Amino acid sequence: MHKRLAEVLVGYSTEVRQGDTVRIESYDTSALPVMRETFGAALRAGGHPTANLVLEETEGILYKEGRDHQLEWISPDQQWNIGHGDVWIIFDAVTNTKRLSNIDPERISRRLTARRPLQSLYLERSARGEFRWLICGSACEASAQDAGMSLRQYEQVLSRAAFLDQDDPVASWKQFGERLERVGDFLDGVRELRIVSEDTDLKLGVEGRTWIRSKGLRNFPDGEVFTGPQETSVEGTIRFSFPAMMRGRQADDVRLRFEGGEVVEATAKRGQDFLREMVGMDDGARRVGEFAFGLNESISEYTGNLLLDEKIGGTVHLALGRSVPGTGGTNQSGLHWDMVCDLRDGGEVYADGELVYRDGAFLNGVN
Amino acid sequence: MRDPRIEKLAELIAGYSLDLQEGQVYRIDGEDVSIPLAVALYAAAIRRGAHPYTKITPSGLEEIALEEASDEQLAYIPEVEQIATEQLDAWTSLWGTVNTRSLTRVDSERRRLQLSTHYRMVNRRWERISSGDLAWCGTLYPTQAHAQDAEMSLSEYEDFVHGACHTREGDDPIAHWRAMSETLGARARELEGVRELRITGPGTDLRVVVEGRRWLPSDGEHNMPDGEVFTSPVENGTSGEIFFAFPSVFQGQEVENVRLRFEDGAVVHAEATLGQEYLRSLLDTDSGAKVLGEVAFGLNYEIDRFTRDILFDEKIGGTMHVALGGGFDEAGTENKSDLHWDLICDLREEGEVYADGELVWKAGSFISEPEPAVERV
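Same order as they appear, the protein sequences are chains A and B.
Heads up, the first sequence is in the numbering used here, so the first residue is -11 and it goes up one at a time.
Heads up, the second sequence is in the numbering used here, so the first residue is 3 and it goes up one at a time.
What follows is the structure, given as structure tokens:
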């Protein structure tokens, strides 16, 4: 299975070519077997792979004991990879998803702010096609625990979501990509979206923005269509169905109210202080940098892992903070925090006033 | 469970070996099996105001590369490695591994190609170490694989490692290594006056000219554990025979009962009861591979047994070792080679060493204490 996944990531997602540098990373030793397979697959594709296990524990030490200049420091490895690397494959296996729960949010915000230039650089190089990065789901005990299931069950969820249980995963991804194209083609013609659900009535202007069809090249599994809405257009309220996860911290039952594109009210049942600190990080953190439709019907259950949750067929998500280059979005921020709203039970979406989506699915003519 | 000895070892390396300073850029390299020590070193570096980062490699990648990579891929040096080699202020290599023999059966030609690239970087690293631009220390996180090679249980082996490093509970490692540094320094100064060493023992009667060469103390700066004094002999001044009772492991391959005969500095005859072909292929690495790049006294008496790991074995108190291949610039060597292969000669029972004809070493130790450089108060 690892070998099969590795071949898809190297051959389809990142298309490793002769001479490409390929940096393979993860955070937990559970990913070592798939890292090794990916290393081998990258070699067979003619690349120059390196593999590195990033130690979560060192991140905790840095936040707890590091002084400001240490928090803000960026290693030459990361700097080089983001400035000059060709391919970066990250397996998101972790050791403990709540490891940063007791870290002062101000410290996290300081580090994120210091990394803004690096974030911008990688997104810009990515938009220009110079840097193919990929975050790949990877089964680990910590994520299985968050999802409330065994490791084996979690592996199956991932495998299904990534079409690895199908005869020819690459063919399935290509076919699914065509569906994403149809949704994208429809959204390209829309000026304004209105999202309606329980405690949610939100308008976003998307005219002139580009909808990106996300089909397994930067995330794996994948399946969303996203854009950067007009920065001052967002109006109304939204309530997020799933806890909002960020760097091992979370805020539950987040509700946001927007006026003129800016968050004017932010509440959470739990994690309110963290939410406020993140939203107050910089000016851009109050604006929406991304809006997206989750379209992968092979993901149905909430797992607490954003990589999967934001792709659940029948959800939408928005991100506070930095927009993604290539969408037309211009919002700048150290933050990019995705939050998911489930529309499968009674949710509706109106495009320029017309009902186009109900109960988690586009109506006839779009799909 | 956290082993307090690991934190002690990390403090020793950060505080004594590397003497890490505020703002220094520091990389910790190792395989995944060494993670606990990598984390402890990271924490020690943060406390000193340095900028640490880790490069933790999944075990087994070298084998995959040897199987899958083209020659060009095998010889490739990532640019980040070049940058690290040129720019780091401090560096630690953690040598712990999960299987010390995982490369035993690989194609030796391919392995040589892989290593020649690696050596280019190591040579450049040593240039920066020698000029004082880079602080570097190599050490070992005790693992099952190394315990197995040493024929011990893991907990016995951990005791052995921390004994050798003086990082046991209750030890004051920094005080120990400072005192050791003084003793080794005094011994090195004493040896500087010697023109020729004659080493005798079972199967061994070897003359090594060291005149004009600098003797250096290995006092925990570049290796932990440490404890030797060494120099690079005069290139054409080695003659006679030497027998190595301990097996010699080089890059995962073992050679047993090596006997070497030298004439005018170079090996003219080499035999081994096991690994004879491998021995010959190593001697054929290049022209410098037949010449000694190092002669040294092992003086760490906490290391009292052979463990199949050169980090420890070359420091066994009461042994001497020589290395075939490249020597040390700071010792005054002129011998260049891609090889540097340490071979250990056990002198603990019958060995004698003469310095310009005078007996200075018998049965595993120097006959007299070195003269202290300064009167101790």
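All residues carry an ideal CB built from backbone N, CA and C; glycine is no exception.
Bear in mind that the values here come from a model prediction, so they are computed numbers and not experimental data.
Considered as a whole, the region 7 to 70 of chain B harbours 37 to 49, 63 to 70 as its complete alpha helix (DSSP H) runs of no fewer than 4 residues, in chain order.
Using a Cβ-Cβ cut-off of 7 Å, residue 75(B) is close to 31, 36 of chain A, given in chain order. The region -5 to 5 of chain A and the region 111 to 124 of chain A touch, with no fewer than 3 CB-CB distances between them shorter than 8 Å. Residues of chain A with a Cβ closer than 7 Å to the Cβ of residue 286(B) do not exist, since the nearest Cβ in that chain sits about 29 Å away. Contacts between residue 335(B) and chain A, judged by CB atoms closer than 9 Å, are missing: the closest CB pair is about 32 Å apart. Per the coordinates, the alpha-carbon of residue 180(A) lies some 23 Å from the alpha-carbon of residue 254(A). If the five residues before and after residue 59(B) are omitted, its C-beta is found closer than 7 Å to the C-beta atoms of 33, all from its own chain and listed in chain order. Think of a sphere of 8 Å around the beta carbon of residue 338(B): no beta carbon from chain A falls inside it, the nearest being about 28 Å out. Taking C-beta atoms as the reference points, residue 6(B) and residue 30(B) fail to come closer than 8 Å. Selection 320(A), 312(A), 139(A), 303(A) evaluated against residue 332(A) yields 303(A) as nearest (Cα-Cα).
For the C-beta of residue 65(A), the chain B residues within less than 9 Å are, from N- to C-terminus, 29, 55, 57, 82, 85, 86. Going by beta carbons, residue 250(B) and residue 337(B) fall outside the 8 Å limit. Under DSSP, the beta-bridge partners assigned to residue 347(B) are 322(B). Residue 317(B) counts as buried, since at least 16 other C-beta atoms from the protein chains shown sit within 10 angstroms of its C-beta.
Going by DSSP, residue 162(A) is part of the alpha helix (DSSP H) stretching over 157 to 176. Taking C-beta atoms as the reference points, residue 225(A) and residue 189(A) count as a pair closer than 8 Å. Boundaries of the alpha helix (DSSP H) harbouring residue 157(B): 156 to 167, taken from the DSSP string. Taking 8 Å as the cut-off, the Cβ atoms of residue 63(B) and residue 39(A) count as close. Assigned with DSSP and collapsed to three states, residue 360(B) falls in strand. When rounded, the separation of the alpha-carbon atoms in residue 311(B) and residue 49(B) is 31 Å.
Residue 342(A) is outside the set of residues whose beta carbon lies under 8 Å from a beta carbon in chain B.
DSSP lists 213(A) as the bridge partner or partners of residue 201(A).
Membership of residue 43(A) in any alpha helix (DSSP H) is not indicated, and neither H nor E is assigned to it by DSSP. Taking a beta-carbon distance threshold of 8 Å, residue 72(A) counts as an interface residue toward chain B. For residue 78(B), the nearest beta carbon of chain A is closer than 8 Å to its own beta carbon. For the pair residue 168(A) and residue 65(B), the Cα-to-Cα distance works out to about 41 Å. Per DSSP, the unbroken beta strand (DSSP E) holding residue 141(B) starts and ends at 137 to 141.
Cβ-Cβ distances below 8 Å link residue 79(B) to 119, 122, 123 in the same chain, with the five nearest sequence neighbours on each side left out; the list follows chain order. When the alpha-carbon of residue 145(A) is set against those of 295(A), 348(A), 323(A), the nearest one is in 295(A). In its chain, beyond the 5 residues on either side, 152, 157 have a beta carbon closer than 8 Å to the beta carbon of residue -8(A).
Judged by beta-carbon spacing, residue 83(A) lies within the 8 Å limit of residue 44(A), meaning their Cβ atoms are closer than that value. By the CB criterion at 8 Å, residue 161(A) and residue 234(A) fall outside the cutoff. Straight across, the Cα-Cα distance linking residue 23(B) with residue 43(B) is about 14 Å. Burial is judged here by how many other beta carbons sit within 10 angstroms of a residue's own beta carbon; residue 252(A) has fewer than 16 and is exposed. As a beta-bridge residue in DSSP terms, residue 191(A) pairs with 182(A), 223(A). Taking C-beta separations shorter than 8 Å and ignoring five residues to either side along the sequence, the partners of residue 88(A) in its chain run 47, 48, 51, 96, 235, 236, 237, following chain order.
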